[in-house]
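Worksheet: one structure, shown below.
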Amino acid sequence: MKGTDVTILLDWLVRYGHVLGATLWVGGYAVLAFLIVPRIAQGTGEAFVHLAIATVRMLTYTGTLTMGFGLILITRTNGFSNLFGSTWGSFIIAGSVIAIVLLGIGDGALRPAILSIGKTGDAPARCFALIGFVLAVLAVGVMTGAMFIG
Ligand code: HEM
């Protein structure tokens, strides 16, 4: 295998890991917002609360993975030196900010809201899950935009 082949393979693997993590992030929020959290409100029992908490934990891992691969991807595309002052960089920074907010929503807002559904009702959990889903979809748009507009 030539040096250039190894480089291409690594580029692909990093992009693959990044997009796979992003897919799980978007999908996880979709499942939470449209399937799991509404079921908890219907009084379907503790099992769905456990499932929701496990899904939020999975989102923390996949989100961190997405961000980690994203940082490596910067070094394998336009580089950190082009991050500030370019349209491409602005898109990447915007996507990164969304990613940080997403992690915060999952751990800081959605998880406590799920755990207190019994006391406060399901509206806050549904709201945070929906916001997370919309932001994750937005992040995909911003990131894919970086490649074309930036
Ligand atoms: C710290 C956060 C993140 C960083 C540093 C980051 C970085 C990057 C970089 C450098 C690229 C390549 C752009 C290019 O080829 O010019 C990219 C592409 C992409 N990112 Fe991110 N990203 C982050 C978060 C996210 C999030 C939260 C999502 C979605 C949930 C996401 C989804 C994507 C997608 C779908 C692509 C296009 C990949 C392709 O078409 O090959 N990224 N990202």
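All residue numbers for the sequence shown refer to my numbering, where the first residue is 100 and numbers rise by one.
Glycine is no exception: its CB is placed at the ideal position from the N, C-alpha and C atoms.
- Within 7 Å of the C-beta of residue 124 there is at least one heavy atom belonging to the ligand HEM.
- Residue 235 is positioned such that its CB atom lies closer than 8 Å to that of residue 124.
- When Cβ pairs closer than 8 Å are counted between the two stretches, the segment 225-239 is seen to touch the segment 127-138, the count reaching three or more.
- Taking non-hydrogen atoms of the ligand HEM into account, the C-beta of residue 111 is found less than 7 Å away from none of them.
- DSSP places residue 242 within a helical segment (H, G or I) once states are collapsed to three.
- One Cα belongs to residue 112, the other to residue 169, and the distance between them is close to 12 Å.
- Spanning the alpha carbons of residue 153 and residue 101 requires a straight line of approximately 43 Å.
- In the three-state reduction of the DSSP assignment, residue 184 falls in the coil class, being assigned neither a helical nor a strand state.
- Residues 187, 188 of the same chain have their beta carbon placed closer than 7 Å to that of residue 181, with the five preceding and five following residues left out of the count.
- By the criterion of at least three beta-carbon pairs nearer than 8 Å, the segment 149-165 is in contact with the segment 201-209.
- Distances from the CB of residue 239 to the heavy atoms of the ligand HEM include at least one below 7 Å.
- Relative to residue 165, the option among 119, 110, 190 whose CA is nearest is 119.
- Across the structure, residue 171 and residue 218 are spaced so that their CA atoms are roughly 43 Å apart.
- Counted as a single uninterrupted DSSP element, the alpha helix (DSSP H) harbouring residue 153 occupies residues 145-175.
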